[in-house]
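Colleague: Residue numbers (numbering that gives the first Met the number 0), protein chains in the order written: chain A, 0 to 86; chain B, 0 to 436. Every residue gets a Cβ at the ideal spot worked out from N, C-alpha and C, and that includes glycine.
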Amino acid sequence: MNATERETWLRALISKISGNSAAAIGVHDDLQQTLGLDSLGRLEVLAEIEDEFDFYFEDNETMNASTLSKIMEAIDRKLLKVEGARV
Amino acid sequence: MRVALIAMSGVRVRTEALAIMGVTLPQFVTRGNVIASLPSLGLLTVAAHTPDDVEIEYLEVDELPADGTLQRYDLVGISSFTARIDAAYALADRYREMGVPVVLGGLHVSLLPNEAAKHADSVVLDGAEGVWSQLIEDFRVGCLKPVYQGARSGVFSSELYKRPRFDLVKGRDYNRMTVQTSRGCPIDCEFCAASLRITSSFQQKPVELVVEELQAVKDVFETPFIELADDNTFVNKKWGKAFLRAIEPLKLHWFTETDISVADDIELLDLMREAGCRQILVGLESPEPAQLTGVDPHDWKARRADHYMEAIDRIQSRGISVNGCFVLGLDTHTDEIFETVRDFIRQSNLLEAQVTVLTPFPGTPLYARLRQQNRLLQERFWDRCTLFDVNFRPKNMSVEDLEHGLRWLFREVYCDAEFSRRRRHFMELVKKRKHAA
């Protein structure tokens with residue numbers, strides 16, 4: 000999955016859990032304040048990401064993941080770390 | 000004519016050591032913050048019963064100047080919890096000194112009307128339905144009565160019901176909106192100071208009215224998170240299923256308080272999930288059956304406790320988290336209770352836990368019993384009715400044991416490591432459910 004595909008996938012996931020249409024989700028929209036995603040919804044998003052990309056987030060890796068853009072960055076960082084470890 | 004309706008919510012812990020902990024432990028203040036940021040559904044209901052030609056302003060007390068001049072209104076209505084009732088009385092006194100008449104209402108006022116009457120021109124007891132519009136008419140003609148006895152039954156009947164004025168809080172920064180589906184709870188715990196004290200029996204709102212209210216909230220807030228302002232939403236499972244099927248198309252996310260028996264009904268649980276239920280708050284009170292003897296008149300909770308773990312797992316495995324509530328200081332509790340509760344919270348994998356101390360709210364059977372047994376530390380301690388301050392002598396431990404045990408348990412339950420462990424468990428449940436689907 001390349002970066003564009005990841006964003007599309009993540010947008011669909013947030014849409015499914017928050018109930019907002021995927022197209023209406025701005026990359027910098029606050030998941031809680033703007034999209035109405037509660038703390039459990041956020042956990043669900045993170046769990047599905049872990050499941051999809053086959054890694055586990057540490058708590059400190061997702062502390063600031065409050066927007067689609069920031070979650071994308073957290074995924075990218077994690078994938079780099081995981082790939083690095085595999086190499 | 001201009002009427003101000005002033006809400007006073009939230010609690011302030013009085014015991015200094017606890018207050019300090021409250022700002023350092025994760026999760027400790029989470030629920031408190033939620034409660035403090037809910038609008039007063041009672042006052043939005045009062046507003047609905049106000050004649051159309053009256054201008055209403057809904058205010059949170061924190062929006063008013065702490066001292067100095069208050070804005071003048073023709074009439075002020077104030078509603079408050081017990082913990083802030085003295086502040087409510089002080090505010091009422093300020094308005095009355097300005098010559099602005101004040102009406103007080105709410106749970107505390109309904110239970111102690113004589114106390115409240117010293118600070119008000121009029122008090123409304125129990126539900127405002129059926130009397131508020133009359134109160135306004137009496138006020139207009141200069142015949143305000145000192146006491147109005149509101150409704151204790153039939154509050155959702157076509158004669159008494161009006162949809163709360165959610166539009167009054169449009170644009171405000173509440174992170175949740177409240178909608179009520181019922182008043183009262185048949186379990187009738189001795190310590191309960193909720194709506195059952197102002198109802199003659201359990202009352203359930205017709206499903207179509209709840210749907211209309213939820214739609215009205217959606218008309219005002221784009222992505223509302225709903226908190227059902229009930230004491231026990233799913234007492235009637237048949238009603239519950241009809242309700243859940245009716246609200247599913249609204250695609251809302253919501254929280255409610257109910258009892259552990261929801262876990263008995265798989266169809267109900269599945270419908271809850273599909274209808275957007277995110278979390279339920281359940282008064283478990285204590286982990287073991289013997290500790291729960293006497294908590295309610297029929298020992299309903301004592302008979303349920305053996306199955307708590309299994310029930311929590313069944314609910315949470317559907318992606319609905321359980322906020323388990325524990326009350327420390329029951330007569331059956333010794334100083335071993337703190338470790339027992341800690342171990343139960345760990346083993347049950349509750350995503351959230353609310354640990355509080357037994358609190359004899361005025362007007363409850365618990366207050367009457369402890370007073371009769373000469374176990375209250377003070378006769379009047381309303382500002383300490385925070386659920387975290389100890390106000391009575393426990394039966395099988397000292398006051399200090401209870402205070403220290405509470406603080407020890409807070410550190411054990413609300414620390415980062417435990418919070419992280421509970422989150423991880425919930426995330427694994429999400430994955431498991433996804434793979435099972």
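Inspect the beta-carbon positions of B:T180 and B:L243 and report whether they are closer than 8 Å.
Modeller: Cβ distance not < 8 Å, so B:T180 and B:L243 don't count as in contact.
Colleague: When the Cα atoms are used, what is the spatial distance from A:T66 to B:R421?
Modeller: Those two C-alpha atoms are separated by around 23 Å.
Colleague: Looking at chain B, is there any beta carbon in it that lies within less than 8 Å of the beta carbon of A:A84?
Modeller: No, A:A84 lies away from the interface with chain B (no Cβ there is under 8 Å from its Cβ).
Colleague: Rounded to the nearest angstrom, what separates A:G18 and B:K250 at their Cα positions?
Modeller: Near 7 Å, if we compare the C-alpha coordinates of B:K250 and A:G18.
Colleague: Which whole-angstrom value is the C-beta distance of B:S116 and B:V122, which I expect to be below 8 Å?
Modeller: According to the sequence as given, residue 116 of chain B is Ala; it is not Ser. About 5 Å; that satisfies the 8 Å criterion.
Colleague: Measuring only the C-alpha atoms, how far is B:E207 from B:H332?
Modeller: In a straight line, the C-alpha of B:E207 is about 44 Å away from that of B:H332.
Colleague: Spatial neighbours of B:A47 within its chain, please: C-beta separation below 7 Å, excluding the five flanking residues on both sides.
Modeller: Hits under 7 Å: K161, R162, P163 and R164.
Colleague: Let me make sure I understand the geometry here. Which of B:P361, B:R171 and B:H403 has the alpha-carbon closest to that of B:F190?
Modeller: Among B:P361, B:R171 and B:H403, the Cα nearest to that of B:F190 is on B:P361.
Colleague: Got a sec, what are the start and stop residues for the beta strand (DSSP E) B:V168 sits in?
Modeller: Looking at the DSSP string, B:V168 is not in any beta strand (DSSP E), and its letter there is neither H nor E.
Colleague: Does A:G25 get closer than 8 Å to chain B when you measure Cβ to Cβ?
Modeller: Not closer than 8 Å to any Cβ of chain B, the Cβ of A:G25 fails to qualify, so no.
Colleague: So if DSSP puts B:V122 in a beta bridge, which residue, or which two residues, is it bridged to?
Modeller: Looking at the DSSP assignment, B:V122 forms a beta bridge with B:L103 and B:V146.
Colleague: For chain B, find out if any of its Cβ atoms is closer than 8 Å to the Cβ of A:N63; answer yes or no.
Modeller: So no, A:N63 is outside the interface.
Colleague: By how many angstroms is the C-alpha of A:S14 removed from the C-alpha of A:L42?
Modeller: Approximately 14 Å, taken between the alpha carbons.
Colleague: Quick check on DSSP: helix, strand or coil for B:F254?
Modeller: B:F254: strand per DSSP, three-state reduction.
Colleague: Is B:K236 near B:D264, with beta carbons less than 8 Å apart?
Modeller: Closer than 8 Å, so yes.
Colleague: List in chain order: all unbroken beta strand (DSSP E) runs of 3+ residues lying wholly within the region 205–256 of chain B.
Modeller: Taking only runs of at least 3 residues, the beta strand (DSSP E) segments lying wholly in the region 205–256 of chain B are 224–227.
Colleague: Classify A:T61 as helix, strand or coil using the three-state DSSP reduction.
Modeller: The answer is coil: DSSP assigns A:T61 none of H, G, I, E or B.
Colleague: According to DSSP, what are the bridge partners of B:T355?
Modeller: Answer is B:V326.
Colleague: At 7 Å on the CB atoms, spell out the chain B contacts of A:D50, in chain order.
Modeller: Result: K430 and K433.
Colleague: Fully enclosed by the region 262–331 of chain B, which alpha helix (DSSP H) runs are 4 residues long or longer?
Modeller: The region 262–331 of chain B contains these whole alpha helix (DSSP H) runs: 265–273, 299–303 and 307–315.
Colleague: Quick one: which chain A residues come within Cβ less than 8 Å of B:K217?
Modeller: Correct list: empty, because the minimum Cβ distance to chain A is about 11 Å.
Colleague: If we call anything under 8 Å between Cβ atoms a contact, is B:Y94 one with B:V75?
Modeller: Yes, the Cβ-Cβ distance between B:Y94 and B:V75 is below 8 Å.
Colleague: With 8 Å as the threshold, decide whether the Cβ of B:M426 is near any Cβ in chain A.
Modeller: Cβ-Cβ to chain A under 8 Å: yes for B:M426.
Colleague: Got a sec: is the Cβ-Cβ distance from B:S419 to anything in chain A below 8 Å?
Modeller: Cβ-Cβ to chain A under 8 Å: yes for B:S419.
Colleague: I'd like to know whether the C-beta atoms of B:P168 and B:P364 end up nearer to each other than 8 Å.
Modeller: With the sequence shown as reference, residue 168 of chain B is identified as Val, and Pro is not the correct amino acid for it. Not closer than 8 Å, so no.
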